[in-house]
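Enquirer: Protein chains in written order, with this note's numbering: chain A, 1015 to 1281; chain B, 74 to 401.
Just so it is clear, CB atoms sit at the ideal spot from N, CA and C, and this is done for glycine as well.
Got a structure for you, written out below as structure tokens; questions coming shortly.
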Amino acid sequence: MDTAESTTAVKKNSKFKQSLVNFFTDLYKINQFILRFFREAFVPPFEFKEIVRQCFEVGVRSFTLISVTGFIVGVIFTKQSRPSLSEFGAQSWLPSLVSIAIMRALAPLVTALIASGKVGSSIGAELGSMRVTEQIDAMEVSGTKPFKFLVCTRVLATTLTIPILSTYTGLIAILGGFLNVSQNEGTSWSTFIQQVFEPLTFVDFVASLIKSIVFGFTIGIVGCYQGYNSTKGTEGVGKAANGAVVTAMFLVFIEEVIIVQITSWFR
Amino acid sequence: MDATENRKAIIVGIFLALGLIVFILGVFTLGGQQKSFVKNIKISSVFSDVAGLKKGNNVWFSGVKVGTISEVKFIGPSKVQVFMNVDQATQQYIHRNAGAKVSSDGLIGNKIIVIDGGSPQAPEIQDGDVLQAEKMLSTDDMLKTLQDNNQNLLAITTDFKVLSHKILEGKGTVGALMADSTMAIQLRGAMRNLQAATQSAANMAVQLNNFSAKMNTKGGFADKLLTDTATFNKISQSVAQLQKTAANASTLTENLTKASNKLNTTDNILGVLLNDQKGATQVQTTLNYLQQSSVKLNDDLEAVQHNFLLRGFFKKKAKAKADSLKAQ
């Protein structure tokens, strides 16, 4: 009995050690993957056509989804904030509250989460299927640089378009907030915009922009990493897509905390 | 294939360009509101307490946002220097003797600096000027005043409670009035009388009004009295003469009084005649004697006329009288 228990304990211990090893190995691989991206992304030849195509896929094709989501976020946030402010008789602060919430947090975060689900999974699944069907290997054999063509273009596209999508999300969410405020409080557009920009500073704009860039890069790099390194056939494709979404979302929240902490030092 | 790629490129270009335009518009709108793109002058003020004021808070002048707080720093014990970036366009309206105080944009709003006061005679502020800090009215001060008011209100309501209790018990004048129906009836009567008196007073006032209107009638006696100097002089003279007459009358009255007083005494003839019965009897007797004597004297004189010694004289007299009658 004691021997069996000790055997189980040894197995658990070895599993833990293996997990730790795998974790640090993955960390190393991710690090190498990111470094490779920076080594290859800014060195000619540039795959402009592919970058534009990816921008179209990532940005333009996500625009409708992002717009609807942003509008709903604006309306819902305004609607849900009203009762709390009404207790103080401070409904007039709704535009300021909405703008702070949207510009500082919601616009980049919602955009990143939606993009993680739509774009991240798409990239992970696409590259994963290319990996398991050995298309990437074939590209390497044929002399085409698959990393530059597949990874760099996608990561650049997400890094470029997510901030733009975040800007649209912010604008549309504020429009949604305005519709709700206008309907309930009868606030005019000029007054609303005046109050929207009243509490904002350039730090908010810059922080929001930096967050969006970081989120875009994260979504792209995680999706590409998961897909580019997928294994185990069709099962690996699903895992890559799932891993891309889960990891990207998790990292987005971690980055959000870190960036908020850093930007608070500049306020 | 190329056409599709071109179309995609154009759409992506439009997508990116519009996104950038929205972002840049946001930046410019924010910059416009923050007055980041206007020329500023930097002024400051030193406070003992800034109540949570921080960089980026607004600066108001006459209720208009004219700048923002650029820096808040300690320069000594209980001395906080607040630097403000103020729009240069408003420089001409802010004068050096203006004051700065920490306030808030609403009851629970953000802290702001309010610049107020300043006379046009003073020179306008310049870059680097330090405005005089004014003590702010803190929430604690307001609460303290509110607490005082609460205590006063409590004292008033306590007094009123006692008062209303006494009234309910029928104590005091008001209580008696409310409890005693007789007094209420009397009061009602008194009120009625008062109302009648008021009505009379009103009528009197109307009559007085009419009277004064008549007095003011042009050419009337009162008007002449008040406005015509000739009439006034005549009246003055008349009054003076009347006074003189009155004085004479007074003297006459005094003299008459003295005379009548003397008549009441017996140290003079009339007084004796009027007051002394014995004397009066004697005078009466004397007068009787005189009457008797005069009768006898008359008889004697009649007898003398017929005397031969004097008869010629009387004849001559009668003849002269008859001649004078003939001559007429």
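Using a Cβ cut-off of 7 Å, which residues of the stretch 1173-1189 of chain A contact any Cβ in chain B, in chain order?
Expert: Ile1178, Thr1181, Tyr1182 and Leu1185
Enquirer: To the nearest angstrom, how far is the alpha carbon of B/Lys392 from that of B/Leu383?
Expert: 15 Å
Enquirer: What did DSSP end up calling B/Ile258 once you bin it into helix, strand or coil?
Expert: B/Ile258: helix per DSSP, three-state reduction.
Enquirer: Using only alpha-carbon positions, find the residue among A/Trp1107, A/Ile1086, A/Leu1099 and A/Glu1270 that is nearest to A/Phe1222.
Expert: Rather than Phe, the amino acid found at residue 1222 of chain A in this sequence is Ser. The shortest C-alpha to C-alpha distance from A/Ser1222 to any of A/Trp1107, A/Ile1086, A/Leu1099 and A/Glu1270 is the one to A/Glu1270.
Enquirer: Since I believe A/Thr1083 is in contact with A/Asn1194 (beta carbons under 8 Å), could you give me their beta-carbon distance rounded to a whole number of angstroms?
Expert: Wrong, their Cβ atoms sit about 16 Å apart, outside the cutoff.
Enquirer: For the structure I just gave you, are there three or more beta carbon pairs, one from the stretch 1033-1042 of chain A and one from the stretch 1135-1151 of chain A, closer than 8 Å?
Expert: no
Enquirer: Under 9 Å between beta-carbons, which chain A residues line up against B/Gln107? List them in chain order, please.
Expert: Phe1211, Leu1214, Thr1215 and Phe1216
Enquirer: So within the stretch 1148-1220 of chain A, which uninterrupted alpha helix (DSSP H) runs reach at least 4 residues, ignoring any that extend past its ends?
Expert: Within the stretch 1148-1220 of chain A, the alpha helix (DSSP H) runs of at least 4 residues that lie entirely inside it are, in chain order, 1149-1155, 1167-1199 and 1203-1211.
Enquirer: Answer with yes or no whether the minimum CB distance from B/Lys138 to chain A is below 7 Å.
Expert: no
Enquirer: Buried or exposed for A/Gly1118, going by 16 or more other Cβ atoms inside 10 Å?
Expert: As written in the sequence, residue 1118 of chain A is Arg, which differs from the Gly given in the question. It is buried - the Cβ of A/Arg1118 has at least 16 other Cβ atoms within 10 Å.
Enquirer: Over what stretch of residues does the alpha helix (DSSP H) that includes B/Asn170 continue unbroken?
Expert: It is not in any alpha helix (DSSP H) - B/Asn170 carries neither H nor E in the DSSP assignment.
Enquirer: In three-state terms, what does DSSP make of B/Gln401?
Expert: coil
Enquirer: With 7 Å as the threshold, decide whether the Cβ of A/Gly1292 is near any Cβ in chain B.
Expert: Given that chain A is displayed from residue 1015 to residue 1281, the structure contains no residue 1292 of chain A and the question cannot be resolved.
Enquirer: Look up B/Asn158 in the DSSP assignment and give the residues it is bridged to.
Expert: B/Lys115 and B/Thr141
Enquirer: For the alpha helix (DSSP H) containing A/Trp1279, name the first residue and the last one.
Expert: Gly1247 to Phe1280
Enquirer: Near A/Met1153, what residues of its chain come up, given a Cβ to Cβ distance below 6 Å and the 5 sequence neighbours on each side ignored?
Expert: Pro1160
Enquirer: Just confirm the distance between the C-beta atoms of A/Tyr1242 and A/Val1165, as a whole number of angstroms; I'd bet it's less than 8 Å.
Expert: Contact check for A/Tyr1242 and A/Val1165: beta-carbon distance about 6 Å, within the 8 Å limit, so the pair qualifies.
Enquirer: Which same chain residues end up closer than 8 Å to B/Leu346 when comparing Cβ atoms and leaving out the 5 residues on each side of it in sequence?
Expert: Gly352, Ala353 and Val356
Enquirer: Select from the stretch 81-92 of chain B all residues with a C-beta closer than 7 Å to any C-beta belonging to chain A, and list them in chain order.
Expert: Lys81, Ala82, Ile84, Val85, Phe88, Leu89 and Gly92
Enquirer: When you compare the CB positions of B/Ile142 and B/Lys128, do they come within less than 7 Å of one another, or not?
Expert: yes
Enquirer: For B/Ala376, name the three-state secondary structure that DSSP assigns.
Expert: helix
Enquirer: Less than 7 Å between C-beta atoms, sequence neighbours within five positions excluded: which residues of the same chain meet that for A/Ile1178?
Expert: Only residues of its own chain outside the window of five on either side were considered, and among them Gly1073 have a CB closer than 7 Å to the CB of A/Ile1178, listed in chain order.
Enquirer: Quick check on the burial criterion: 16 or more other C-beta atoms within 10 angstroms. Buried or exposed for B/Asn113?
Expert: buried
Enquirer: Can you tell me whether B/Gln199 is helix, strand or coil according to DSSP?
Expert: coil
Enquirer: Under the rule that 16 or more other beta-carbon atoms within 10 Å means buried, what is A/Ile1276, buried or exposed?
Expert: exposed
Enquirer: Please name the residue, chosen from B/Asn225, B/Lys174 and B/Gln220, that lies closest to B/Lys208 on a Cα-to-Cα basis.
Expert: The shortest Cα separation from B/Lys208 among B/Asn225, B/Lys174 and B/Gln220 belongs to B/Lys174.
Enquirer: Does any residue of chain B bring its CB to less than 7 Å from the CB of A/Cys1166?
Expert: no
Enquirer: Find the nearest neighbour of B/Asp296 within the set B/Ala303, B/Met288 and B/Thr302, judged by alpha-carbon distance.
Expert: B/Met288
Enquirer: Hey, is B/Val145's beta-carbon within less than 7 Å of any beta-carbon in chain A?
Expert: False, the Cβ-Cβ gap to chain A never drops below 7 Å.
Enquirer: Output, in sequence order along the chain, the residues in the stretch 1251-1265 of chain A whose CB is closer than 7 Å to any CB in chain B.
Expert: none
Enquirer: Give me the Cβ distance between A/Val1282 and A/Arg1281, rounded to the nearest whole Å; I'm assuming they're in contact under 8 Å.
Expert: Since the displayed chain A opens at 1015 and closes at 1281, residue 1282 of chain A lies outside it and no answer follows.
Enquirer: For B/Leu204, list the residues DSSP reports as bridge partners.
Expert: Note: B/Leu204 sits in a beta bridge opposite B/Ser118.
Enquirer: State buried or exposed for B/Pro193, treating a residue as buried only when at least 16 other CB atoms are found within 10 Å of its CB.
Expert: exposed
Enquirer: On the CB-based measure, 16 or more other CB atoms within 10 Å of its CB, does A/Tyr1182 come out buried or exposed?
Expert: buried
Enquirer: How would you write the range of the beta strand (DSSP E) that B/Gly190 sits in, first residue to last?
Expert: Lys184 to Gly190
Enquirer: Rounded to the nearest angstrom, how far is the Cβ of A/Pro1122 from that of A/Lys1225, given a contact under 8 Å?
Expert: 4 Å
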